[in-house]
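Notes follow once the structure below has been shown.
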Amino acid sequence: MPCRVMWFRRDLRLRDNPALLEACTAPRTVALFVLDPALWGPAGDARRSWLVRSLHALDASLGGTLVVRHGDPRTVVPHVAREAGAAAVHIAADYGPYGRRRDEAVEKALTEWGVPLIRTGSPYAVAPGRVVKDDGTPYRVFTPFSHAWRRHGWREPPDPPGEVEFVEPVLDEGIPAEPDTDLELPPVGEQAALERWSAFRDERLGDYATDRDRPDLAGTSSMSAHLKYGEVHPRTLLADLATLSGPGPDAYRTELAWREFYADVVFHSPVSTREHYRREFTAMRFDEPGTGWLAWCEGRTGFPFVDAGMRQLLTEGWMHNRVRMVVASFLVKDLHVSWQHGARFFMRHLRDGDLASNNHGWQWAAGTGTDAAPYFRVFNPVSQGLTFDPDGDYVRRYVPELRGLPGRSAHEPWKAPAGSAPGYPAPILDHAVERREALGRYEALRRR
DNA sequence: TTTTGAGTTGTTCGA
DNA sequence: GTCGAACAACTCAAA
């Protein structure tokens, strides 16, 4: 009896999954996940933990039939297809630099055995490469892209597959053990993603346009990791948002558009995940990571808003977006360390670490990317904290040394009486001085 | 075809 | 204390 393989990657869900629907046109389907050492190794505990939990959730929703194999997909996927006697292997297309190379190699190997690799859908509402200017070239600026992206539209979410027999006629090596870590993770998996979304939609979306900038409030959706693993498809969220209007829903659509924009940029310029998108910055002078870098990594810079963000990252594998911008600006413009170091650190520690969004977010902060922040836009880590964490609740939550400082005074411990923030370091640098230094380096680059 | 205005997320300085 | 200007250069779309 013919069977097909559904190779899950970043689409760990059953609903709104066109590739799965295609795979389920056969009477029997093998649900496969391949644990690729090239991705598992650098992922870091937060992403590994999330993935393991998400695989357990997917396995449960498949009635325990998920097949997990360990190894290089280039050899593992063709082997599984042959062991199962599969007529085809189905995937959602991956548009990242590594994923594209991997899928082409897998496709080549499969074709030698007469098995087609069939791509249906992608992790995006509009596949990267589809939105182009009238002259056929890609957008380099967000706002025009987002308008064209909205005009482009997307298909309605399809229904989940009906009666399907998932089988495991091949060896199952099992889901790996979760890393031994103290990370605090929220509920994981498709069901958790949908519950998280509906709670956010009903309770927070209305105020999202303003509250999303407030790390002391739970104003963001926290959907990023769910989206990264494809526990929910952005199309599902967009379809839900289509019934709503107002500044909140509109702001959320724009955030989804950013995710798609950066995926599109990386599709057209894979090298921009490693190098400055704006080539003229290759001549920019950066410092090698030193003691300041270590203080930044550990959340011990003496700037409460920066340290709170870094400690949130280390304890939760996540950081509020406003704070990501502030710590990124601090590393690049106060410590003069290039964005690649920060981006790598984030990718190791974030549970939602997405190469395109992460690295281009960093490039935005560094002024080297698309829609680059003007070079003179240097975040002041203290005034950012006072503005977006006005009562100091966020910094006290993540920096216990500051808990003796009431209200907004927690943002300026150096003004408090000696001994009121025991164990908390003095600022490692003078922001006004380093701001001028950063502006000087940009000015030197401009004069060349 | 050319021109023009706008463009995620800010800060500082001086009047 | 408040407020406007200045801080580039370039992409894109609309007029």
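Numbering-wise (my numbering), the first sequence opens with residue 21 and increments by one. The C-beta atom is built at its ideal place from N, Cα and C for all residues, glycine as well.
Assuming Val54 contacts Val97 (C-beta within less than 8 Å), just tell me the rounded distance between them.
Locating residue 54 in the first sequence gives position 34, counting from the first residue. Locating residue 97 in the first sequence gives position 77, counting from the first residue. Indeed, because the Cβ distance is near 6 Å, the residues count as touching under 8 Å.
Measuring only the C-alpha atoms, how far is Gly61 from Arg68?
The residue labelled residue 61 in the question sits at position 41 within the first sequence. The residue labelled residue 68 in the question sits at position 48 within the first sequence. Distance between the alpha carbons of Gly61 and Arg68: 9 Å.
Once the 5 residues before and after Glu103 are set aside, which same chain residues still bring their CB inside 6 Å of it?
Along the first sequence, one-based indexing puts residue 103 at 83. Excluding positions up to five away in sequence, the list reads Val190.
Per DSSP, Met26 is paired with what?
Here residue 26 refers to the residue found at position 6 of the first sequence. DSSP lists Ala51 and His110 as partners of Met26.
Could you check whether the stretch 318-330 touches the stretch 428-448, counting it as contact only if at least three pairs of C-beta atoms, one from each stretch, sit closer than 8 Å?
yes
What is the rounded straight-line gap between the Cα of Ala363 and the Cα of Leu334?
Numbered from 1 along the first sequence, position 343 holds the residue referred to as residue 363. Numbered from 1 along the first sequence, position 314 holds the residue referred to as residue 334. Computed Cα separation, rounded: 15 Å.
Cut-off 7 Å between Cβ atoms - residues of its own chain near Met339, not counting five sequence neighbours on either side:
One-based indexing of the first sequence puts residue 339 at position 319. Answer for Met339: Gly329, Gln332 and Leu333, listed in chain order.
Go ahead and pull the three-state DSSP assignment for Glu432.
Translated into the one-based positions of the first sequence, residue 432 becomes position 412. Coil, per DSSP.
How many Å lie between His9 and Gly387 at the Cα?
The shown model of the chain, from 21 to 468, leaves out residue 9, and the question about it has no answer.
Would you kindly work out how many angstroms separate the C-alpha atoms of Phe301 and Leu59, rounded to a whole number?
Against the first sequence, residue 301 aligns to sequence position 281. Against the first sequence, residue 59 aligns to sequence position 39. Going by the C-alpha atoms only, they are around 29 Å apart.
Can you tell which of Gly373, Val346 and His380 has its C-alpha closest to the C-alpha of Ser406?
On the first sequence, position 386 is the one that residue 406 refers to. Looking at the sequence itself, residue 406 is Leu, so the reference to Ser does not match. Of the candidates Gly373, Val346 and His380, the one whose C-alpha sits nearest the C-alpha of Leu406 is Val346.
Close Cβ partners of Arg160 (< 7 Å) along its chain, the five nearest in sequence each way excluded:
Here residue 160 refers to the residue found at position 140 when the first sequence is read from its first residue. The residues are Thr390.
In chain order, what residues of the same chain lie with their CB nearer than 6 Å to the CB of Cys44, ignoring the 5 residues before and after it?
The residue labelled residue 44 in the question sits at position 24 within the first sequence. Closer than 6 Å at the Cβ level, and outside the excluded window around Cys44, lie Pro181 and Val184.
Short Cβ contact (8 Å threshold) for Asp65 with Thr230
Your numbering for residue 65 matches position 45 in the first sequence. Your numbering for residue 230 matches position 210 in the first sequence. In this structure, Thr230 does not lie closer than 8 Å to Asp65 by Cβ.
Less than 8 Å separating the beta-carbons of Tyr144 and Pro254?
Sequence index remark: in the first sequence, residue 144 carries index 124 (1-based). Sequence index remark: in the first sequence, residue 254 carries index 234 (1-based). Their beta carbons are under 8 Å apart, which means Tyr144 touches Pro254 by this criterion.
Return the chain-ordered ranges of every alpha helix (DSSP H) run that is complete within the stretch 291-331 and spans a minimum of 4 residues.
311-318
Rounded C-alpha distance that separates Arg371 from Pro309:
Reading the first sequence from its first residue, position 351 is the one you call residue 371. Reading the first sequence from its first residue, position 289 is the one you call residue 309. Their backbone Cα atoms lie some 24 Å apart in a straight line.
Alpha helix (DSSP H) segment containing Phe186, residue limits
Taking the first residue of the first sequence as position 1, residue 186 is located at position 166. Per DSSP, Phe186 belongs to no alpha helix (DSSP H); it is in the beta strand (DSSP E), Glu185 to Val187.
If you reduce the DSSP assignment to three classes, tell me which class Val453 lands in.
Within the first sequence, the letter at position 433 stands for residue 453. In this structure, Val453 counts as helix in the three-state DSSP scheme.
Can you tell me which residues form a DSSP beta bridge with Leu137?
Stepping through the first sequence from its first residue, residue 137 is reached at position 117. In DSSP, Leu137 forms a bridge with Val109.
Return the residue from the list Phe28, Pro148 and Ser74 that minimises the CA-CA distance to Pro93.
Position 73 of the first sequence, counting from 1, holds the residue named residue 93. When each option's Cα is compared against that of Pro93, the closest is Phe28.
At least 3 beta-carbon pairs within less than 8 Å: the stretch 131-141 vs the stretch 105-114
yes
Please report the Cβ distance between Thr240 and Asn378, rounded to the nearest whole angstrom; I am assuming they are in contact, meaning their Cβ atoms lie under 8 Å.
To locate residue 240, count along the first sequence from 1; it is residue 220. To locate residue 378, count along the first sequence from 1; it is residue 358. Actually they do not touch by this definition, with Cβ atoms about 16 Å apart.
Specify the secondary structure class of His361 as computed by DSSP and reduced to three states.
Residue mapping note: residue 361 aligns to position 341 of the first sequence, counting from 1. Three-state result, His361: helix.
Could you check the C-alpha separation between Ala436 and Ala51 for me, to the nearest Å?
Numbered from its first residue, the first sequence carries residue 436 at position 416. Numbered from its first residue, the first sequence carries residue 51 at position 31. In a straight line, the C-alpha of Ala436 is about 59 Å away from that of Ala51.
Which of the three DSSP states is assigned to His76 in this structure?
Along the first sequence, read from residue 1 onward, the residue named residue 76 stands at position 56. Here His76 sits in helix by DSSP.
Would you kindly report the start and end of the unbroken beta strand (DSSP E) that includes His90?
As a working mapping, residue 90 is identified with position 70 in the first sequence. Run containing His90: Val87 to His90, per the beta strand (DSSP E) assignment.
With distances taken Cα to Cα, identify the nearest neighbour of Gly173 among Glu336, Thr49, Met304 and Arg273.
In the first sequence, residue 173 corresponds to position 153, counting from 1. Checked all of Glu336, Thr49, Met304 and Arg273; the closest Cα to Gly173 is Arg273.
Neighbourhood of Glu42 by C-beta, 6 Å cutoff - its chain only, sequence neighbours within 5 removed:
On the first sequence, position 22 is the one that residue 42 refers to. Same-chain partners within the cutoff: His110 and Thr140.
Measure the CB-CB distance between Thr256 and Asp411 and report whether it falls below 8 Å.
Locating residue 256 in the first sequence gives position 236, counting from the first residue. Locating residue 411 in the first sequence gives position 391, counting from the first residue. No, they are not a contact pair.
Tell me whether the beta-carbon of Val151 lies closer than 8 Å to the beta-carbon of Phe165.
Position 131 of the first sequence, counting from 1, holds the residue named residue 151. Position 145 of the first sequence, counting from 1, holds the residue named residue 165. Cβ distance < 8 Å, so Val151 and Phe165 count as in contact.
Would you mind listing the beta strand (DSSP E) stretches within the stretch 178-259 that are 3+ residues and don't spill past its ends, in chain order?
185-187
Taking the alpha-carbon positions, what's the Phe506 to Phe396 distance?
Here the chain comprises residues numbered 21 to 468, so residue 506 is not present and cannot be evaluated.
So, using beta-carbon positions, are Glu210 and Ser349 closer together than 8 Å?
Taking the first residue of the first sequence as position 1, residue 210 is located at position 190. Taking the first residue of the first sequence as position 1, residue 349 is located at position 329. Contact flag unset, no.
Under 8 Å between the Cβ atoms of His167 and Val285?
Within the first sequence, the letter at position 147 stands for residue 167. Within the first sequence, the letter at position 265 stands for residue 285. No.
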